[in-house]
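Report on one structure; see the data block that follows.
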Amino acid sequence: MEAQVKQFEAEGKLIEAQRIRQRTEYDVEMLREMGYTNGVENYSRHMDGRKEGEPPFTLLDFFPEDFLIMIDESHMTMGQIKGMYNGDQARKKMLVDYGFRLPSALDNRPLRREEFESHVHQIVYVSATPGDYEMEQTETVVEQIIRPTGLLDPEVEVRPTMGQMDDLLGEINVRTEKGERVFVTTLTKKMAEDLTDYLKEMGVKVKYMHSDIKTLERTEIIRDLRLGVFDVLIGINLLREGIDVPEVSLVAILDADKEGFLRNERGLIQTIGRAARNSEGHVIMYADKITESMQKAMDETARRREIQMAYNKEHGIVPQTIKKEIRDLISITKANEAEVAEDTVDYSAMNKKERQEAVKKLQKQMHEAAELLDFELAAQIRDMVLELKSMD
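If you read the sequence shown in the working numbering, its first letter stands for residue 106, the second for the next number, and so on.
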């Protein structure tokens, strides 16, 4: 602390010098008196005896040397591992520069990618669209193209943007008449919202999903799509990895020729793959030209399709749409929320014994919510429990 204060004073940053001294002395006092202080993790380097710049201890340090790690959706995950460190350092540096934290806070951080790799001696990258980094790192590539269900990669066609809305509406009507669902991907949130409004005016049961939609709401939207509450889901980047809806037989990609993050080869292959769970899977790219990314994505999809077709013919397999149970987690969660709402009473009017009974009941509901992975609801109930306990 003293070294940092002197540095600030030498630079004429008197406010920052006062701020870091006050903050550090307060935290030290809290540690002495209470054994804890908010942000104690920022002092971890001093507590575990690490030198400046040394990586923090992680769970990987306790694994045996011969452990195997499998990274799913590696084309996204490996970039995130690198990005976590860079993002953390950028944020912490601002706190250090303005005297809110000591420089040692920079060592309370995620591992750098090279540090992560130094812990790992056996690794399997899993992805339908592996990135350049994984391909450079690996010595062996194993393709798992054959599906036991015999499902083929969808047919892909390109249609002009002229009259695309009318064309899309016609395709949607064909699918909905057969009880099938449709994904539509756009480039912007505004476009997704405007297209949703237009299709609603045309009598289509449609919703949109983008990053502004909360995680729990996204799960509910996907479930409602599968149940047939609505037929068309419009999204941007969320209709890619991890979205598995067998009922979807058509994926429409708007502005497919607009090269960029969402319309590169990997992005297009991932989006095309959303139609690969249905035996009637079909993809329409709306574009005025065929870009290099589009061509590569179509060529790769066609290659995989031909391999599966040859396998199906050899073994007499007829492609069948995946049968997947629709989980009803949302309704269970809502039932718990309703139960909590019913219990939202004036606790101050209760006597001590009644409050103790209420605490037991709420704690039970809290554990049930946590088991259902509804941590937001569990946290709300926890706060109610703490409020009740503070009354005694």
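For every residue, glycine included, the Cβ atom is placed at its ideal position computed from N, Cα and C. For clarity, every value in this text was computed on a predicted model and none was experimentally measured.
**Prompt:** Three or more C-beta pairs closer than 8 Å, one from the region 220-228 and one from the region 166-180: is that the case here?
**Reply:** Touching, yes.
**Asked** If we count Cβ pairs, one from each stretch, closer than 8 Å, do we get three or more for the region 412-419 versus the region 254-266?
**Response** With a cut-off of 8 Å, the region 254-266 and the region 412-419 count as touching, because enough Cβ pairs lie within range.
**Request:** Let me know if Asp177 comes out buried or exposed under the rule of 16 or more other beta-carbons within 10 Å of its beta-carbon.
**Result:** Asp177 is exposed by the Cβ-count criterion.
**Message:** Which residue marks the beginning of the beta strand (DSSP E) containing His387, and which one marks its end?
**Reply:** Taken as a continuous stretch (DSSP letters only), the beta strand (DSSP E) holding His387 covers His387 to Tyr391.
**Straight-line Cα distance separating Tyr203 from Glu114** = Going by the C-alpha atoms only, they are around 12 Å apart.
**Message:** Suppose you measure from the CA of Ala440 to the CA of Leu467; what does that come to, to the nearest Å?
**Reply:** Only weak support is given to the placement of Ala440: the predicted model assigns it a pLDDT of 47, under 50, and the question is left unresolved by the model.
**Message:** Rounded to whole angstroms, what is the Cα-Cα separation between Glu130 and Pro235?
**Reply:** If you take the alpha carbons of Glu130 and Pro235, they lie about 49 Å apart.
**CA nearest to the CA of Ser384, picked from Pro351, Gly158 and Glu107** = Of the residues Pro351, Gly158 and Glu107, the one whose Cα lies closest to the Cα of Ser384 is Pro351.
**Message:** Give the list of continuous beta strand (DSSP E) stretches no shorter than 3 residues that lie fully inside the region 369-418.
**Reply:** Every unbroken stretch of the beta strand (DSSP E) spanning 3 or more residues and falling wholly within the region 369-418 is given here in chain order: 387-391.
**Simplified DSSP state of Tyr148, which is helix, strand or coil** = DSSP, reduced to helix, strand and coil, places Tyr148 within a helical segment of the structure shown.
**Nonlocal neighbours in the same chain, by C-beta distance under 8 Å from Glu239, ignoring five residues either side** = Sequence-distant partners of Glu239 (beyond 5 residues in either direction) whose C-beta falls short of 8 Å from its own C-beta, in its chain, are Ser179, His180, Met183, Tyr230 and Ser232.
**Request:** Taking the CB atoms as reference points, tell me whether Tyr391 and Arg264 lie closer together than 8 Å.
**Result:** Yes, Cβ-Cβ distance for Tyr391 and Arg264 is below 8 Å.
**Request:** Identify every run of the alpha helix (DSSP H) within the region 152-223, keeping only runs that are complete inside it and at least 4 residues long; order them along the chain.
**Result:** Listed in chain order, the complete alpha helix (DSSP H) runs (minimum 4 residues) inside the region 152-223 are 179-202.
**Message:** Contact defined as beta carbons within less than 8 Å: I believe Ile422 pairs with Ala402. What is the distance between those atoms, to the nearest angstrom?
**Reply:** Not quite, the Cβ-Cβ distance comes to about 25 Å (not below 8 Å), so this is no contact.
**Message:** Starting from Thr266, trace the alpha helix (DSSP H) in both directions and tell me its first and last residue.
**Reply:** Per DSSP, Thr266 belongs to no alpha helix (DSSP H) and is neither H nor E.
**Prompt:** Excluding five sequence neighbours on each side, which residues of the same chain lie with their C-beta closer than 8 Å to the C-beta of Val110?
**Reply:** For Val110, the CB contacts under 8 Å within the same chain, skipping 5 residues up- and downstream, are Ala122, Ile125 and Arg126 in chain order.
**Item:** First through last residue of the alpha helix (DSSP H) which encompasses Ser495
**Value:** First-last of the alpha helix (DSSP H) with Ser495: Phe480 to Ser495.
**Prompt:** Roughly how many angstroms lie between the CA atoms of Glu96 and Leu304, to the nearest whole one?
**Reply:** For residue 96 there is no data in the structure shown, the boundaries of the chain being 106 and 497.
**Item:** Presumed contact (8 Å Cβ cut-off) between Val287 and Asp336, rounded CB distance
**Value:** With a Cβ gap of about 6 Å, Val287 and Asp336 count as contacting.
**Request:** Buried or exposed for Leu104, please, with buried defined as at least 16 other CB atoms from any protein chain shown within 10 angstroms of its CB.
**Result:** The first residue shown for the chain is 106 and the last is 497, placing residue 104 beyond what the model contains.
**Asked** Since Arg286 sits in a beta bridge, which residues does DSSP pair it with?
**Response** Beta-bridge pairing links Arg286 to Val353.
**Prompt:** Hey, how far is the Cα of Lys106 from the Cα of Ile120?
**Reply:** The sequence shown places Met at residue 106, rather than the Lys named in the question. Distance between the alpha carbons of Met106 and Ile120 is about 15 Å.
**Asked** Counting Cβ pairs closer than 8 Å, one from the region 195-215 and one from the region 144-163, do we hit at least three?
**Response** Contact between the region 195-215 and the region 144-163 is present, with at least three C-beta pairs closer than 8 Å.
**Item:** Cβ shell of Leu165 (< 6 Å), same chain only, five flanking positions each side left out
**Value:** Excluding positions up to five away in sequence, the list reads His224.
**Item:** Minimum C-alpha distance to Thr406 - residue among Ala381, Gln425, Asp302 and Thr426
**Value:** Ranking Ala381, Gln425, Asp302 and Thr426 by Cα distance to Thr406 puts Ala381 first.
**Request:** Confirm, please, whether the CB-CB distance from Val353 to Arg371 is below 8 Å.
**Result:** Against a cut-off of 8 Å, the Cβ pair of Val353 and Arg371 comes out as no contact.
**Asked** With distances taken between CB atoms, is the gap from Leu216 to Thr163 smaller than 8 Å?
**Response** With contacts defined as CB atoms closer than 8 Å, Leu216 and Thr163 qualify as a contacting pair.
**Message:** Given a cut-off of 8 Å on the beta-carbon distance, is the pair Leu481 and Leu321 in contact?
**Reply:** Note on identity: in this sequence residue 481 is Glu, with Leu being the wrong assignment. Closer than 8 Å, so yes.
**Asked** Can you tell me whether DSSP reads Met510 as helix, strand or coil?
**Response** The shown model of the chain, from 106 to 497, leaves out residue 510, and the question about it has no answer.
**Request:** Using the Cα positions of Val311 and Glu285, report the straight-line distance between them to the nearest angstrom.
**Result:** Spanning the two alpha carbons is a distance of roughly 13 Å.
**Asked** What residue range is occupied by the uninterrupted beta strand (DSSP E) comprising Ile228?
**Response** Per DSSP, the continuous beta strand (DSSP E) segment holding Ile228 begins and ends at Gln227 to Val231.
**Residue environment, Val388, which counts as buried when at least 16 other CB atoms sit within 10 Å** = Around the beta carbon of Val388, 16 or more other beta carbons lie within 10 angstroms, which makes this residue buried.
**Message:** Quick check: the Cα distance between Asp193 and Gly117, rounded to an integer number of angstroms?
**Reply:** Rounded to whole angstroms, the gap between the alpha carbons of Asp193 and Gly117 is 27 Å.
**Asked** Can the beta-carbon of Asp317 be found less than 8 Å from the beta-carbon of Lys294?
**Response** Lys294 is positioned such that its CB atom lies closer than 8 Å to that of Asp317.
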